[in-house]
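Asker: Residue numbers (my numbering): 102 to 520.
Just so it is clear, CB atoms sit at the ideal spot from N, CA and C, and this is done for glycine as well.
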Amino acid sequence: MIQVGIIGVGTVGTSVAQILKDNADIISARAGVDIRVKSGVVKNLKKDRGLDIKITDNADDVLNDPEIDVVVELMGGVEEAFEVVKKALRSGKAVVTANKALLAYHRYELQEIAQDIAFEYEASVAGGIPIINALRDGLSANHIKSIMGIMNGTCNYMMTKMMHEGVSYTDVLKEAQELGYAEADPTFDVGGYDAAHKLLILASIAYGIDAKPEDILIEGIENVSGDDIAFAKEFGYAIKLLGIAKKDKNEVELRVHACLIDQSEMIAKIDGVMNGISVVGDKVGETLYYGPGAGGNATASAVVANIIDIARSGKSKPMLGFDKPLEGELTLKPIEKIESKYYLRINVSDKKGVLAKITKLFEDHNISVETMLQRPTSSDSANLLISTHVAMEKDIQNLISTLASLEFVNSKPVMIRIV
102 MIQVGIIGVG TVGTSVAQIL KDNADIISAR AGVDIRVKSG VVKNLKKDRG LDIKITDNAD
162 DVLNDPEIDV VVELMGGVEE AFEVVKKALR SGKAVVTANK ALLAYHRYEL QEIAQDIAFE
222 YEASVAGGIP IINALRDGLS ANHIKSIMGI MNGTCNYMMT KMMHEGVSYT DVLKEAQELG
282 YAEADPTFDV GGYDAAHKLL ILASIAYGID AKPEDILIEG IENVSGDDIA FAKEFGYAIK
342 LLGIAKKDKN EVELRVHACL IDQSEMIAKI DGVMNGISVV GDKVGETLYY GPGAGGNATA
402 SAVVANIIDI ARSGKSKPML GFDKPLEGEL TLKPIEKIES KYYLRINVSD KKGVLAKITK
462 LFEDHNISVE TMLQRPTSSD SANLLISTHV AMEKDIQNLI STLASLEFVN SKPVMIRIV
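(1) How many angstroms separate the CA atom of Ala331 from the CA atom of Pro514?
(2) What's the call for Thr261, buried or exposed, on a 16-neighbour Cβ count within 10 Å?
(3) Starting from the C-beta of Asn159, find all residues in its chain whose C-beta is less than 8 Å away, skip the five residues before and the five after it, and write them out in chain order.
(4) Could you name the residues that DSSP lists as bridge partners for Leu355?
(5) Shorter than 6 Å, the distance from the beta carbon of Thr460 to the closest heavy atom of the ligand ADP, or not?
(6) Below 7 Å between beta carbons: does that hold for Ile340 and Ala333?
(7) Given Pro393, which residues of its chain have a CB within under 6 Å of its CB, disregarding the five upstream and five downstream residues?
(8) Out of Glu471, Ser469, Leu486, which has the shortest C-alpha to C-alpha gap to Pro477?
(9) Expressed to the nearest angstrom, what Euclidean distance is found between the alpha-carbon atoms of Tyr184 and Glu174?
(10) What distance in whole Å lies between the Cβ atoms of Gln119 and Ile169, which are believed to be in contact at a cut-off of 8 Å?
(11) I'd like to confirm the pairing. Which residues does DSSP put opposite Thr388 in its beta bridges?
(12) Kindly provide the ranges of any alpha helix (DSSP H) runs that are 4 or more residues long and lie completely inside the stretch 155-211, ordered along the chain.
(13) Taking DSSP as the reference, what is the three-state secondary structure of Ile468?
(14) Identify the continuous beta strand (DSSP E) that holds Asn448 and give its terminal residues.
(15) Which residues does DSSP list as the beta-bridge partners of Lys299?
(16) Nearest-angstrom Cα distance between Ser480 and Tyr338?
(17) In this structure, how does DSSP classify Ser247 when only helix, strand and coil are distinguished?
(18) Around the Cβ of Glu494, are there at least 16 other Cβ atoms within 10 angstroms (buried) or fewer (exposed)?
(19) Taking the alpha carbon of Gly106 as the reference point, which residue from Asp166, Lys148, Lys122 has its own alpha carbon closest?
(20) Please classify Met420: does DSSP put it in a helix, a strand, or coil?
(21) Using only alpha-carbon positions, find the residue among Val449, Gln278, Gly309 that is nearest to Asn351.
(22) Answer with buried or exposed for Met516, where buried requires no fewer than 16 other C-beta atoms within 10 angstroms of its C-beta.
(23) In the structure shown, what three-state DSSP assignment does Leu361 receive?
(24) Work out the CA separation of Gly454 and Thr489 for me, nearest whole Å.
(25) By Cβ distance, which residues of its chain are closer than 6 Å to Asp311, with the 5 residues on each side in sequence left out?
(26) Output needed for Ile371: all residues of its chain with C-beta closer than 6 Å, excluding positions within five of it in sequence on either side, in chain order.
(27) Put Pro393 into one of helix, strand or coil per three-state DSSP.
(28) What does the Cβ neighbour count give for Val385, buried or exposed, with the cut at 16 atoms within 10 Å?
(29) Closer than 6 Å by C-beta to Ala369: which residues in its own chain qualify, once you throw out the five before and the five after it? Chain order, please.
(30) Rounded C-beta distance between Ile302 and Ser225? I'm assuming under 8 Å.
(31) By Cβ distance below 6 Å, which residues in the same chain neighbour Leu146 in space, the five residues on each side in sequence not counted?
(32) Taking the alpha carbon of Leu240 as the point to measure from, which residue in Arg191, Val381, Ala219 has its own alpha carbon closest?
(33) Spatial neighbours of Met259 within its chain, please: C-beta separation below 6 Å, excluding the five flanking residues on both sides.
(34) In whole angstroms, give me the CA-to-CA distance for Ala199 and His207.
(35) Between the beta-carbon of Val171 and the beta-carbon of Ile408, is there less than 7 Å?
(36) Taking the alpha carbon of Val325 as the point to measure from, which residue in Ile128, Asn257, Ile127, Thr112 has its own alpha carbon closest?
Have a look at this one:
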């Protein structure tokens, strides 16, 4: 018998307990042992979870219980969760977590503490998609050339509605909040931070690189407008919030931002709240992983799969995929050295000579223009919609700063990178 304690019996925690009860027969057959939830920790004892398990509001009741073999951490947050997980591991208890923020900041410290104690976290990235095991096990014979994915269902839902139905950003955000896809304060999702936490976890498995959210390029979808959508459609693009990890010699670039991506790409076809992640290995080529990235049952399915893995082996795999350090350690590419194609929307006063001055500025900043459209926005202003050939991030940022300071540029230009 494997006994489980759940710290954080919310939507996902309740689903974990329910799956272990509803599917007990097949779970026991696959694990080779019965698995049951003994107790759970909640903040509000008055709320009925509909579960026949012991409920407490004190995490120590689980952490200090010698009969509990596996602690499932679903409380969220970073530092408090870190303390809870450390205590569980130091007590010799296996841990399963879905907490991507915790891992974005403390994954290497936890790996050091865990050693041979089982520590699993499949549900921390892309919900029900088994991307962690795919990278750590299924693709372990490969050098990973790149990872590119839709890792936040809220943003993907919003961009899908904007692209296909012409809904404005403001209206679709309100709709996403009403449907429960976005929080009252949606910054964590629409600002790209949720996707960044997930990307950092995948990058550690693929490249053994230790970076924090503050070290990488993170942008959201807040500035995407109808003009950008129109440009994308005219030139055969979709707009998606993507997490991108890419190996270039001994450097790895990590970035999260809105992207213009060719409509023929498989990632561009993933719509609604679904997630999709493309992984390119040097031997296998491209593999694509698609499925629900959030939701109680989808996330809980991944948590239970980890519990089954622990029941089978009783020992952890290398938590981040490596038994020993990689030879020729990879380093994080500085943001200013990232190279991409770019799209800019520049609102300018509709006056003689402005276009020529803008074009000259691109040339002065070592940036080559590929396409340009002009769209009037009023009687005396217009949007210039411009795409570039491959340029360096530092050059495009310098250009944007220069443009924003000009009297005939009415607001700071909006930039979206092109994949």
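Answerer: Looking at the atomic coordinates:
(1) Along the sequence shown, read from residue 1 onward, the residue named residue 331 stands at position 230. Along the sequence shown, read from residue 1 onward, the residue named residue 514 stands at position 413. Taking the straight line joining both Cα atoms gives about 17 Å.
(2) Indexing the sequence shown from 1 puts residue 261 at position 160. Result: buried.
(3) Translated into the one-based positions of the sequence shown, residue 159 becomes position 58. The answer, listed in chain order, is Val142.
(4) Looking up residue 355 in the sequence shown gives position 254. Per DSSP, Ala346.
(5) Among the components of this structure there are no ligands whatsoever, and the ligand ADP is therefore not found.
(6) Reading the sequence shown from its first residue, position 239 is the one you call residue 340. Reading the sequence shown from its first residue, position 232 is the one you call residue 333. For Ile340 and Ala333, yes; Cβs fall inside 7 Å.
(7) Counted from its first residue, the sequence shown places residue 393 at position 292. Contacts found: Gly228, Gly229, Ala399.
(8) If you number the sequence shown from 1, residue 477 lands on position 376. Ranking Glu471, Ser469, Leu486 by Cα distance to Pro477 puts Leu486 first.
(9) In the sequence shown, counting from the first residue as 1, residue 184 sits at position 83. In the sequence shown, counting from the first residue as 1, residue 174 sits at position 73. Before going further, note that residue 184 is Glu rather than Tyr in the sequence given. Rounded to whole angstroms, Glu184 to Glu174 spans 11 Å at the Cα level.
(10) Within the sequence shown, numbered from 1, the residue matching residue 169 stands at position 68. Within the sequence shown, numbered from 1, the residue matching residue 119 stands at position 18. Between Gln119 and Ile169 the Cβ distance is about 19 Å, and since that is not below 8 Å, they are no contact.
(11) Along the sequence shown, read from residue 1 onward, the residue named residue 388 stands at position 287. The partner list for Thr388 (beta bridge, DSSP) reads Val380.
(12) 161-164, 180-191
(13) Taking the sequence shown and counting its residues from 1, the one referred to as residue 468 is at position 367. It is coil, neither helix nor strand.
(14) Looking up residue 448 in the sequence shown gives position 347. In the DSSP assignment, Asn448 falls within the beta strand (DSSP E) that extends over 440-450.
(15) Locating residue 299 in the sequence shown gives position 198, counting from the first residue. Answer is none; Lys299 lacks a bridge partner.
(16) Translated into the one-based positions of the sequence shown, residue 480 becomes position 379. Translated into the one-based positions of the sequence shown, residue 338 becomes position 237. If I take the Cα positions, the gap works out to 29 Å.
(17) Position 146 of the sequence shown, counted from the start, is the residue given in the question as residue 247. Here Ser247 sits in strand by DSSP.
(18) Working through the sequence shown from its first residue, we reach residue 494 at position 393. It counts as buried.
(19) For the purposes of this step, residue 106 is taken as residue 5 along the sequence shown, with counting starting at 1. Nearest option by C-alpha distance: Asp166.
(20) The residue you call residue 420 lines up with position 319 of the sequence shown. Met420 falls in the coil class under three-state DSSP.
(21) Here residue 351 refers to the residue found at position 250 of the sequence shown. Nearest to Asn351 by C-alpha distance, out of Val449, Gln278, Gly309, is Gly309.
(22) Position 415 of the sequence shown, counting from 1, holds the residue named residue 516. So Met516 ends up on the buried side.
(23) Taking the sequence shown and counting its residues from 1, one reaches residue 361 at position 260. Of the three classes helix, strand and coil, the one that applies to Leu361 here is strand, per DSSP.
(24) Residue numbering aside, residue 489 sits at position 388 when the sequence shown is read from its first letter. Residue numbering aside, residue 454 sits at position 353 when the sequence shown is read from its first letter. Thr489 and Gly454: Cα-Cα distance of roughly 21 Å.
(25) Here residue 311 corresponds to residue number 210 of the sequence shown, with the count starting at 1. Cβ within range, chain order: Tyr209.
(26) For this step, residue 371 is matched to residue 270 along the sequence shown. Same-chain partners within the cutoff: Ile251, Gly377.
(27) Along the sequence shown, one-based indexing puts residue 393 at 292. Note: Pro393 maps to strand in three-state DSSP.
(28) What you label residue 385 is simply residue 284 of the sequence shown in a count that begins at 1. Val385 should be labelled exposed.
(29) Within the sequence shown, the letter at position 268 stands for residue 369. Excluding sequence neighbours, Ala369 sits near Ala339, Ile362.
(30) Indexing the sequence shown from 1 puts residue 302 at position 201. Indexing the sequence shown from 1 puts residue 225 at position 124. Between Ser225 and Ile302 the Cβ distance is about 6 Å, and since that is below 8 Å, they are a contact.
(31) Counting from 1 along the sequence shown, the entry for residue 146 is found at position 45. Asp158.
(32) If you number the sequence shown from 1, residue 240 lands on position 139. Nearest option by C-alpha distance: Val381.
(33) Within the sequence shown, numbered from 1, the residue matching residue 259 stands at position 158. Here the set comprises Val273, Ala277.
(34) Here residue 199 is taken as the residue at index 98 of the sequence shown, counted from 1. Here residue 207 is taken as the residue at index 106 of the sequence shown, counted from 1. Those two C-alpha atoms are separated by around 13 Å.
(35) One-based indexing of the sequence shown puts residue 171 at position 70. One-based indexing of the sequence shown puts residue 408 at position 307. Contact flag set, yes.
(36) Within the sequence shown, numbered from 1, the residue matching residue 325 stands at position 224. When the alpha-carbon of Val325 is set against those of Ile128, Asn257, Ile127, Thr112, the nearest one is in Asn257.
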